[in-house]
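Participant: In the numbering used here, the protein residues as written are 2 to 175. The beta-carbon is built from N, C-alpha and C at its ideal position, and this holds for glycine as well. Fair warning: this is a prediction, and the values are worked out from it, not measured in the lab. So that we are looking at the same thing, I have put the structure below in structure tokens.
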């Protein structure tokens, strides 16, 4: 996802509106594969703010992830706003810009092209819920036999007994 900013790079206050669809490749985060159900729709404005280019926009897409309890595939909608600042690569020689770049507060661009792909993917990652559930009532998978408890019940005993009280439990079972 590259923006050609030649028209706005020389004039402070100039802006460029953009919108596009981009098919994103699957990615792996924390060992879990994330697939995209729909192409990402990105729209926004790039504005020359004098010190650099400010890109503000909105991202819409759908991802496919596994339910945290039963591992069924779940479609999660991502609709988020983003705001990123870019400076020319040559400005990294200045200590203040170099420090901001090291902290991830600003990004660099070369010539008259802004590549916003990394920031789009970063915003997708930041908006994935910590725990995805197929439904609030999801009962998950039995930790003993592996059955999907949303589909069928099992007869496994899931309570664990303190080994110091095991003899007492046997006495009550008689």
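Within the continuous alpha helix (DSSP H) that includes residue 103, where are the two ends?
Facilitator: Within the chain shown, residue 103 is the residue found at index 102, counting from 1. From DSSP, the alpha helix (DSSP H) with residue 103 extends over 96 to 103.
Participant: Please tell me whether, using a cut-off of 6 Å, the distance from the CB of residue 4 to the nearest non-hydrogen atom of the ligand NAP is below it.
Facilitator: Judged by which ligands are present, the structure shown has none, so any question about the ligand NAP falls away.
Participant: Skipping 5 residues on each side, what residues in its chain have a beta carbon closer than 8 Å to that of residue 27?
Facilitator: Residue 27 sits at position 26 when you count from the first residue of the chain shown. If we look at residue 27 and ignore the five residues flanking it on each side, its Cβ neighbours are 34, 35, 36 and 37.
Participant: List the whole-angstrom C-beta distance separating residue 87 from residue 54, where the pair is believed to meet the contact cut-off of C-beta under 8 Å.
Facilitator: Locating residue 87 in the chain shown gives position 86, counting from the first residue. Locating residue 54 in the chain shown gives position 53, counting from the first residue. So it is a contact: roughly 5 Å between Cβ atoms.
Participant: With distances taken Cα to Cα, identify the nearest neighbour of residue 5 among 113, 19 and 84.
Facilitator: Mapped onto the chain shown, residue 5 falls at position 4. Nearest option by C-alpha distance: 113.
Participant: Note down the Cα distance separating residue 66 from residue 171, rounded to an integer number of angstroms.
Facilitator: Stepping through the chain shown from its first residue, residue 66 is reached at position 65. Stepping through the chain shown from its first residue, residue 171 is reached at position 170. The alpha-carbon atoms of residue 66 and residue 171 are separated by roughly 44 Å.
Participant: Tell me the rounded alpha-carbon separation between residue 116 and residue 107.
Facilitator: In the chain shown, counting from the first residue as 1, residue 116 sits at position 115. In the chain shown, counting from the first residue as 1, residue 107 sits at position 106. Going by the C-alpha atoms only, they are around 13 Å apart.
Participant: Candidates 173, 109, 174 and 138: which alpha carbon is nearest residue 71's?
Facilitator: If you number the chain shown from 1, residue 71 lands on position 70. Per the Cα distances, 138.
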